[in-house]
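Protein chains in written order, with this note's numbering: chain A, 114 to 431; chain B, 441 to 756. Structure first, then comments.
This is the structure:
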């Protein structure tokens with residue numbers, strides 16, 4: 114396992130290099146002068162020149178890139194143009210809210226998707242299958258920001274059952290925290306459930322037509338045993354990949370959901386930084402999201418061998 | 441038989457006593473018959489697609505949406521941008537079937553005109569993504585080596601970003617506007633097409649018909665354009681359909697955040713953004729644009745599923 118982890122981390126290095134280059138290019142292509150964004154439009158030319166020199170903006174691009182990468186390796190993601198606060202602590206403050214929303218959304222998604230996907234594959238081409246597949250397609254098609262707005266109107270404005278926006282920290286008010294999470298987590302969870310359900314149905318269909326499943330049925334095993342002990346375990350590998358991608362994507366901030374429900378997470382931070390032209394913070398969120406996905410991919414690869422012992426981590430199936 | 445080989449007379453010669461026409465060629469070159477349209481071509485595929493009523497209905501609905509968008513000036517009952525303050529925030533009635541907004545503009549007309557931006561963004565951004573991703577995937581899969589390594593690492597890097605976060609980052613750099621939003625969306629989805637094309641080319645380049653073409657003296661360019669490209673298009677078409685649906689949603693999100701279509705031009709996303717502050721007194725302003733997005737995307741998704749079923753029977 115250790116050798117596998119080292120090998121995968123080494124494989125990540127060229128990817129990380131390209132990720133850093135992409136973000137560096139994006140930062141440098143942002144319209145406007147960084148020094149002017151810091152000091153404001155009224156700043157004198159001398160002050161601007163001094164700040165540019167201090168930030169290294171008058172150095173060649175490759176020197177700026179190396180300084181920037183070196184800074185990030187020391188935890189320096191730059192400073193906010195808005196309030197001059199370091200970007201990394203600002204990002205880390207927002208992680209708990211996004212983490213909570215992600216966890217709640219994924220619990221909802223997987224609780225719906227796994228039974229639905231198994232059922233749809235088991236009862237292939239029946240009314241149940243068509244209904245589950247149609248609902249999944251609907252879940253994929255309905256934009257989450259629209260369903261969020263409609264839920265706010267119905268449950269918060271009209272029925273007044275749930276709060277429309279905000280997220281109280283769990284430590285301060287556990288019940289309030291959970292009530293505030295219901296709508297955004299449901300909106301996100303239903304959309305993610307559709308993706309997992311379709312992938313699981315597709316994998317299960319493939320596995321259910323395999324010889325070993327036919328043998329298990331011929332031996333007289335109950336349907337439930339065939340599904341859970343044999344088919345599901347073999348069908349779950351591609352689904353784990355999808356789940357890993359979902360986790361990484363949501364950890365990067367469910368941007369639009371956080372914006373609509375005013376949840377103080379990474380996604381909302383990204384939106385606010387766009388409106389305030391605080392591009393250092395935006396690119397910090399982008400970098401953080403990419404790192405989260407890479408780390409989760411690594412974790413998912415390690416999980417494969419736990420789920421399917423035939424997969425040798427160093428080189429695929431035996 | 442792969443489409444390209446119909447113009448290669450030497451390869452149509454049957455090799456067995458029972459041979460004749462296409463089947464013999466497929467028999468002589470075992471890999472050929474696997475292409476789903478090999479024996480009966482496009483009309484057969486279209487007939488199979490039409491037999492899937494849900495997929496066909498999706499295609500019809502999407503076509504209606506395109507028709508409405510193209511013919512918006514003649515189909516819409518009123519101007520989408522002309523204000524009428526006396527009629528502001530009116531609930532749906534016979535005169536304004538979907539109600540009016542805060543400036544008294546007819547919501548139905550704005551939804552119809554809004555289809556233009558969304559459908560344009562969906563189709564053009566996917567076209568751009570395919571135009572960028574396909575050649576890269578072709579080159580990576582065919583030539584392999586250092587070029588493949590570099591392109592794959594670059595693709596992995598782009599795929600490491602959450603799609604919407606990457607689109608926001610690119611859109612923030614390019615600035616607001618529908619055209620720039622399309623470029624941002626194309627940047628997000630190009631790696632997917634690159635990967636798909638590369639995987640297809642890696643598989644197809646090992647087929648016997650490629651060896652046969654090379655043995656006949658075909659150059660790399662001819663092999664790529666005449667043989668590999670036509671036989672690698674199927675998954676691109678399927679993925680393209682799925683991606684159009686995702687691109688429509690992404691454009692709506694970028695417009696919702698003020699980075700896509702700019703006012704006063706109507707777009708479904710910006711209409712939803714403006715509608716939020718009137719949610720209590722005019723919920724119809726939020727309902728209709730979102731419903732339009734949902735119906736259009738659903739139609740594209742079911743049509744895409746139908747296409748996928750034709751090409752991969754295992755998903756039936």
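Beta carbons are placed, not taken as given, at the ideal position from N, Cα and C, and that holds for glycine. Keep in mind it's a predicted model, so treat the numbers as computed, not measured.
- For residue 254 of chain A, the neighbours in chain B by C-beta distance under 9 Å run, in chain order, 685, 689, 733, 734, 735, 736, 737, 738, 739, 740, 741 and 742.
- For residue 169 of chain A, there is no enclosing alpha helix (DSSP H), as DSSP gives it neither H nor E.
- At a beta-carbon threshold of 8 Å, the residues of chain A lying near residue 610 of chain B are 139, ordered along the chain.
- Assignment of residue 199 of chain A by DSSP, reduced to helix, strand and coil, places it in the strand class.
- Fewer than three pairs of CB atoms, one per stretch, sit closer than 8 Å, so the stretch 262 to 270 of chain A makes no contact with the stretch 339 to 355 of chain A.
- Excluding its 5 nearest sequence neighbours in each direction, residue 226 of chain A has C-beta neighbours in its own chain below 7 Å: 306, 309, 310 and 313, listed in chain order.
- Residue 747 of chain B has its alpha-carbon roughly 13 Å from the corresponding atom of residue 673 of chain B.
- Here residue 490 of chain B is exposed, its C-beta having fewer than 16 other C-beta atoms within 10 Å.
- Close to residue 202 of chain A, with beta-carbon spacing below 9 Å, lies no residue of chain B; the smallest spacing is near 20 Å.
- Partner residues in the beta bridge of residue 540 of chain B, as assigned by DSSP, are B/546.
- Close partners of residue 208 of chain A in chain B (Cβ separation under 8 Å) are lacking, with about 15 Å as the shortest Cβ gap.
- Using a Cβ-Cβ cut-off of 8 Å, residue 613 of chain B counts as an interface residue toward chain A, since at least one Cβ of chain A sits closer than that to its own.
- The beta carbon of residue 492 of chain B lies closer than 6 Å to those of 746 in the same chain, with the five residues before and after it left out.
- Listed in chain order, the positions of the stretch 584 to 597 of chain B with a beta carbon within less than 7 Å of a beta carbon of chain A are 593, 594, 596 and 597.
- For residue 343 of chain A, the three-state secondary structure derived from DSSP is helix.
- Taking C-beta atoms as the reference points, residue 516 of chain B and residue 549 of chain B count as a pair closer than 8 Å.
- Put simply, the CB of residue 675 of chain B is far from chain A, with every gap to its CB atoms at 8 Å or more.
- Among the residues facing chain A, residue 602 of chain B is included, as its CB has a counterpart in that chain under 8 Å away.
- Using a CB distance cut-off of 8 Å, residue 489 of chain B does not count as an interface residue toward chain A.
- In chain order, 258, 261 and 262 place their CB closer than 7 Å to the CB of residue 373 of chain A, counting only its own chain and leaving out the 5 sequence neighbours on each side.
- Collapsing the DSSP output to three states places residue 192 of chain A in a strand.
- Taken through DSSP and simplified to helix, strand or coil, residue 255 of chain A comes out as coil.
- Of the candidates A/410, A/390, A/401 and A/396, A/396 places its Cα closest to the Cα of residue 136 of chain A.
- Taken in chain order, the stretch 560 to 635 of chain B contains no complete beta strand (DSSP E) segment of 3 residues or longer.
- Taking a Cβ-Cβ threshold of 7 Å, none of the residues of chain A is close to residue 630 of chain B; the smallest such distance is about 13 Å.
- Think of a sphere of 9 Å around the beta carbon of residue 406 of chain A: the chain B residues whose beta carbon falls inside it are 599, 600, 601 and 602, in chain order.
- Counting of Cβ neighbours within 10 angstroms places residue 713 of chain B among the buried residues, the total reaching 16 or more.
- If you ignore the 5 residues before and after residue 499 of chain B, its C-beta comes within less than 6 Å of the C-beta of 743, all in its own chain and listed in chain order.
- Residue burial is scored here from C-beta neighbours: residue 327 of chain A has fewer than 16 other C-beta atoms within 10 angstroms and is therefore classed as exposed.
- Contact fails between the stretch 631 to 642 of chain B and the stretch 532 to 551 of chain B, because fewer than three Cβ pairs, one in each stretch, are under 8 Å apart.
- Between residue 329 of chain A and residue 343 of chain A, the beta carbon gap of about 5 Å places them in contact (Cβ cut-off 8 Å).
- Using a Cβ-Cβ cut-off of 8 Å, residue 726 of chain B is close to 259, 262, 263 and 266 of chain A, given in chain order.
- Around residue 720 of chain B, the beta-carbon contacts reaching into chain A at under 7 Å are 270.
- Within 10 angstroms of the beta-carbon of residue 576 of chain B lie 16 or more other beta-carbons, which makes it buried.
- In the DSSP annotation of this structure, the continuous segment of the alpha helix (DSSP H) that includes residue 708 of chain B starts and ends at 708 to 715.
- By the neighbour-count criterion, in which a residue is buried when 16 or more other Cβ atoms sit within 10 angstroms of its Cβ, residue 717 of chain B is exposed.
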